[in-house]
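Taken in sequence, the protein lines are chains G and D.
When we follow the working numbering, the leftmost residue of the first sequence carries the number 1, and every step to the right adds one.
When we follow the working numbering, the leftmost residue of the second sequence carries the number 336, and every step to the right adds one.
Reviewing the structure listed below.
2 protein chains.
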Amino acid sequence: MMKVIMAGFGTVGQGVAKVIEEKNSSIKKRLGEGFEIVGVSDSKGAIYNPEGLNLELLLKIKREKGAVISYPDVEKLKSNEELINREADVLIEVTPTDIESGRAVDDILYAFRSKKHVVTSNKGPLTLNFKGLNEEAAKNGCMFYYTATVGGCTRMIDVGRGLSNGAAIISFQGILNGTSNYILSRMTDEEAPYELILREAQQLGYAETDPSHDVDGIDTACKLVILANSVMGLESSLKDVKIEGITGISEDGVKLAKSDGKVIKLIGEIEKSRLEVSPRLVPKGHFLDISGTLNLGLFKTDFAGDIAIMGRGAGQMETASAILGDLNKIISQTR
Amino acid sequence: MMKVIMAGFGTVGQGVAKVIEEKNSSIKKRLGEGFEIVGVSDSKGAIYNPEGLNLELLLKIKREKGAVISYPDVEKLKSNEELINREADVLIEVTPTDIESGRAVDDILYAFRSKKHVVTSNKGPLTLNFKGLNEEAAKNGCMFYYTATVGGCTRMIDVGRGLSNGAAIISFQGILNGTSNYILSRMTDEEAPYELILREAQQLGYAETDPSHDVDGIDTACKLVILANSVMGLESSLKDVKIEGITGISEDGVKLAKSDGKVIKLIGEIEKSRLEVSPRLVPKGHFLDISGTLNLGLFKTDFAGDIAIMGRGAGQMETASAILGDLNKIISQTR
């Protein structure tokens, strides 16, 4: 069994526990080895048991008591660092994206130094220190996968890397933030003002209580940085991205576009070394006119023409599925 | 240098020579090793030079004399078997798809037995003997890639395999034949009869002189078989596919659909172990309503939702780009 520790046990972490619980026996059958979650942390503390945790019980305790430290008969730890220090093969880093503190950067670096492979859905560390993390992984002979950070289960990074194996990628355009795409779609359909639709999106759970990273374009910008660095070989960081969000878009602007047969979309674009996030006019019915919380990535290449990939960019099980795919890559390569 | 021999030097083979010529130096820089084409065959014979062939000269001779055996100062051979017998690391099999004779099956099996990796764009051998070929490859420790056979440069097989790493694929729907999609799109746009549009497509080079495999649904069926076997773990063959082509679609049928807000598309579908190719009604503006010679694949999964990939399914450089991607996979794994 491949021993896994998990930093973070919110929506995504619980999703990962659920998919492992559900798929472990079929993975064992297919790849000859399955996973065992031996440690988990959340904001209240961490637990560790080298024999493995019962995932059903773990999910129940988190749901009922709100903290993993209520799990019975296991070693209790105070920090992620202590947890990462314990014996395991892989760290799954699924704490919320934080592009300021760099705490997750330190945790991931520490995992590599203690020879653990890392899988993450956290855009923060990759945006803050893409090169440093990848170099430390390579130095320690560790694998480092982060498929869930861009376009969720569309696996946009893998698609781009695969393409670049046989063609040169000239540019990328994408709709990478489901929240802002949902708001823009609804503003167009309802001809209603931004604030009203935002409140509605918050009630439906499509927007966070603090939606600023989504609607200000920061989330899209982080994803562009990760994609540009991992697929197109750039060494970009957040400060290189020209960013304009959707908060300044008025009801009148949306109506005007609509009367002209167009829709407004928040587009992330990479062209040569230029990274830009901005609202753009797209003809109604165009390729990029996707609705709701979908994500879409369009790669323009020299020999392979234009390739588009589309799917759900977020969601608990979708993100967990991308993480499970990364875990399976590690199993396949360590057999 | 990785030594490559190529069986077939038509449109695709010449495209491969062009992309290798263009990309070889960047591949050497990136992967530490490039490719050297040491042998080529066409219907008139084969040539071999262990020191490598000059690709510019090879393309010129094929263009001007019509046969690779006019290439000067090289060993001339009579058959693909003799060519495959020569020293090389990889066989690129790019003869035209032939789902009857099984000649390409024998060539590929012979390549594996002489410890050569194989890359092919040829649907014939994979449709005729998917299991046998893959088993022989494994037995001899050889790699076997065929990305170009389904959806060309969209790399639909890789996308499906990647998805299935983190989710279960429940079903697949695709538009996999550019010729029939072009004909149906034009019939709808022009409200013109099948025969007229087919002749126009032939004049424009979008349909072969003998278009039967495309319009009868056989080409789509072959692609379904390859996808079902390589991505969804089935052991299907062409006789398992229920096939209906587009030749029976009348001008009136297209008009009737159009007046009802629908378009007719030739859809290939895999659901559980059922494979089917048939014309279906799709709402105008729907996801599957792609125009012209595009290809689209839609995977429905359990945890990752619906994922669609779209791009050009055919074309000389697109196919060559998919083959180059496969060659690069081999280099990456043999370093």
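The C-beta atom is built at its ideal place from N, Cα and C for all residues, glycine as well.
*State yes or no: is the beta carbon of Phe638 (chain D) nearer than 7 Å to at least one beta carbon in chain G?*
Working through the second sequence from its first residue, we reach residue 638 (chain D) at position 303. Closer than 7 Å: yes.
*Presumed contact (8 Å Cβ cut-off) between Gly166 (chain G) and Asn663 (chain D), rounded CB distance*: Translated into positions along the first sequence, residue 166 (chain G) becomes position 166. Translated into positions along the second sequence, residue 663 (chain D) becomes position 328. Sure, about 7 Å apart at Cβ, within 8 Å.
*Following the continuous beta strand (DSSP E) through Asn295 (chain G), name the residue where it begins and the one where it ends.*
Numbered from 1 along the first sequence, position 295 holds the residue referred to as residue 295 (chain G). Residues Leu294 to Thr301.
*Is DSSP giving Leu600 (chain D) helix, strand or coil here?*
Locating residue 600 (chain D) in the second sequence gives position 265, counting from the first residue. Checking the displayed sequence, the identity of residue 600 (chain D) turns out to be Lys instead of Leu. Strand.
_Strictly by DSSP, which residues pair up with Asp377 (chain D)?_
As a position in the second sequence, residue 377 (chain D) is number 42, starting the count at 1. DSSP output for Asp377 (chain D) lists D:Gly380 as bridge partner(s).
*Complete alpha helix (DSSP H) runs within the stretch 172-199 of chain G (minimum length 4 residues, chain order)*: Considered as a whole, the stretch 172-199 of chain G harbours 178-190 as its complete alpha helix (DSSP H) runs of no fewer than 4 residues, in chain order.
*Please say whether Leu498 (chain D) and Phe634 (chain D) have beta carbons closer to each other than 7 Å?*
By 1-based counting over the second sequence, the position of residue 634 (chain D) is 299. By 1-based counting over the second sequence, the position of residue 498 (chain D) is 163. Result yes, Cβ atoms of Phe634 (chain D) and Leu498 (chain D) sit closer than 7 Å.
*Output the boundary residues of the beta strand (DSSP E) element that contains Leu336 (chain G).*
Outside the displayed range of chain G (1 to 335) lies residue 336 (chain G), so it cannot be described from this structure.
*Reference Gly540 (chain D); option with closest CA among D:Leu463, D:Thr628, D:Glu416 and D:Ser565*: To locate residue 540 (chain D), count along the second sequence from 1; it is residue 205. The shortest Cα separation from Gly540 (chain D) among D:Leu463, D:Thr628, D:Glu416 and D:Ser565 belongs to D:Thr628.
*asked:* In chain order, what are the residue ranges of uninterrupted alpha helix (DSSP H) at least 4 long that sit wholly in the stretch 384-460 of chain D?
replied: 390-400, 415-420 and 438-448, all fully within the stretch 384-460 of chain D.
*Proximal residues to Lys115 (chain G) (C-beta, below 8 Å), its chain only, five neighbours per side dropped*: Here residue 115 (chain G) corresponds to residue number 115 of the first sequence, with the count starting at 1. Same-chain partners within the cutoff: Asn140, Gly141 and Cys142.
_Range covered by the alpha helix (DSSP H) that runs through Ala228 (chain G)_ = Mapped onto the first sequence, residue 228 (chain G) falls at position 228. Here the alpha helix (DSSP H) through Ala228 (chain G) covers Ile218 to Val231.
*Beta-carbon separation of Val440 (chain D) and Phe479 (chain D) under 7 Å?*
Residue 440 (chain D) sits at position 105 when you count from the first residue of the second sequence. Residue 479 (chain D) sits at position 144 when you count from the first residue of the second sequence. Contact flag unset, no.
*By Cβ distance, which residues of its chain are closer than 7 Å to Pro49 (chain G), with the 5 residues on each side in sequence left out?*
In the first sequence, the residue the question calls residue 49 (chain G) occupies position 49. First, the residue type needs correcting, since residue 49 (chain G) is Asn and not Pro in the sequence shown. Val38, Val74 and Glu75.
*For Gly174 (chain G) versus Gly313 (chain G), is the C-beta distance shorter than 7 Å?*
Translated into the one-based positions of the first sequence, residue 174 (chain G) becomes position 174. Translated into the one-based positions of the first sequence, residue 313 (chain G) becomes position 313. No, the pair does not count as a contact, with Cβ atoms beyond the cut-off.
*Using a Cβ-Cβ cut-off of less than 7 Å, give me the residues of the stretch 466-496 of chain D that come near chain G, in sequence order.*
Correct list: Cys488, Thr489, Arg490, Asp493 and Val494.
_Contact residues within the stretch 500-515 of chain D, judged by C-beta distance below 7 Å to chain G_ = Residues passing the 7 Å Cβ filter: Asn500, Gly501 and Ala502.
*When you check each C-beta in the stretch 306-318 of chain G against every C-beta of chain D, which residues fall closer than 9 Å?*
For the stretch 306-318 of chain G, which is checked against every Cβ of chain D, the residues closer than 9 Å are Asp306, Ile307, Ala308, Ile309, Met310, Gly311, Arg312, Gly315, Met317 and Glu318.
*Taking only beta-carbon positions, decide if Asn129 (chain G) is within less than 7 Å of chain D.*
Residue mapping note: residue 129 (chain G) aligns to position 129 of the first sequence, counting from 1. Not one beta carbon of chain D lies nearer than 7 Å to the beta carbon of Asn129 (chain G).
_Reduced DSSP category for Arg161 (chain G) - H, G, I as helix; E, B as strand; rest coil_ = Translated into the one-based positions of the first sequence, residue 161 (chain G) becomes position 161. Three-state result, Arg161 (chain G): helix.
*Within 7 Å (strictly less), CB to CB, does Leu296 (chain G) reach chain D?*
The count along the first sequence starts at 1 and reaches residue 296 (chain G) at position 296. Judged by the 7 Å Cβ criterion, Leu296 (chain G) is not in contact with chain D.
_Tell me the residue span of the alpha helix (DSSP H) that contains Val150 (chain G)._
Here residue 150 (chain G) is taken as the residue at index 150 of the first sequence, counted from 1. Taken as a continuous stretch (DSSP letters only), Val150 (chain G) belongs to no alpha helix (DSSP H), as it is neither H nor E.
*Alpha carbon to alpha carbon, how far is Gly102 (chain G) from Ser70 (chain G)?*
In the first sequence, counting from the first residue as 1, residue 102 (chain G) sits at position 102. In the first sequence, counting from the first residue as 1, residue 70 (chain G) sits at position 70. Rounded to whole angstroms, Gly102 (chain G) and Ser70 (chain G) show a C-alpha spacing of 28 Å.
*Give the residues of chain D in contact with Val16 (chain G), contact being defined as C-beta atoms less than 8 Å apart.*
Position 16 of the first sequence, counting from 1, holds the residue named residue 16 (chain G). Against Val16 (chain G), chain D offers no close residue; the least beta-carbon distance is about 11 Å (beta-carbon pairs closer than 8 Å).
*Proximity below 7 Å, CB of Val263 (chain G) to CB of Met187 (chain G)*: On the first sequence, residue 263 (chain G) is found 263 positions in, with the first residue counted as 1. On the first sequence, residue 187 (chain G) is found 187 positions in, with the first residue counted as 1. No, they are not a contact pair.
_Closer than 7 Å to chain B by CB, Gly343 (chain D)_ = Included in the structure are the protein chains G and D, with no chain B among them.
*With DSSP as the reference, label Gly311 (chain G) as helix, strand or coil.*
In the first sequence, counting from the first residue as 1, residue 311 (chain G) sits at position 311. Residue state, collapsed to three classes: strand.
*Output yes or no for whether 7 Å exceeds the beta carbon distance between Thr120 (chain G) and Gln316 (chain G).*
Against the first sequence, residue 120 (chain G) aligns to sequence position 120. Against the first sequence, residue 316 (chain G) aligns to sequence position 316. At a Cβ-Cβ threshold of 7 Å, Thr120 (chain G) and Gln316 (chain G) do not count as neighbours.
*For Ser321 (chain G), decide whether its Cβ has a neighbour in chain D, counting only Cβ atoms nearer than 7 Å.*
On the first sequence, residue 321 (chain G) is found 321 positions in, with the first residue counted as 1. Answer yes: the Cβ-Cβ gap between Ser321 (chain G) and chain D drops below 7 Å somewhere.
*Along chain G, which residues have their Cβ under 8 Å away from the Cβ of Lys664 (chain D)?*
Counted from its first residue, the second sequence places residue 664 (chain D) at position 329. When 8 Å is used as the limit between beta carbons, Lys664 (chain D) is near these residues of chain G: Asn165, in chain order.
_Between which two residues does the alpha helix (DSSP H) holding Ile581 (chain D) run?_
Sequence index remark: in the second sequence, residue 581 (chain D) carries index 246 (1-based). For Ile581 (chain D), there is no enclosing alpha helix (DSSP H), as DSSP marks it with neither H nor E.
*Tell me whether the beta-carbon of Thr489 (chain D) lies closer than 7 Å to the beta-carbon of Asn389 (chain D).*
The sequence position of residue 489 (chain D) within the second sequence is 154, counting from 1. The sequence position of residue 389 (chain D) within the second sequence is 54, counting from 1. No, the pair does not count as a contact, with Cβ atoms beyond the cut-off.
_DSSP state of Asp306 (chain G) mapped onto helix, strand, coil_ = Reading the first sequence from its first residue, position 306 is the one you call residue 306 (chain G). The DSSP-derived three-state label of Asp306 (chain G) is strand.
*In or out: Thr301 (chain G) buried (at least 16 other Cβ within 10 Å) or exposed?*
Position 301 of the first sequence, counted from the start, is the residue given in the question as residue 301 (chain G). Label assigned to Thr301 (chain G): buried.
*Whole angstroms is fine: what's the gap from Ile605 (chain D)'s alpha carbon to Glu611 (chain D)'s?*
For the purposes of this step, residue 605 (chain D) is taken as the residue at position 270 of the second sequence. For the purposes of this step, residue 611 (chain D) is taken as the residue at position 276 of the second sequence. About 7 Å.
*So which residues on chain D does Leu324 (chain G) lean against when the C-beta distance must stay under 9 Å?*
Taking the first sequence and counting its residues from 1, the one referred to as residue 324 (chain G) is at position 324. What Leu324 (chain G) touches in chain D: Asn500, Gly501, Ala502 and Phe638.
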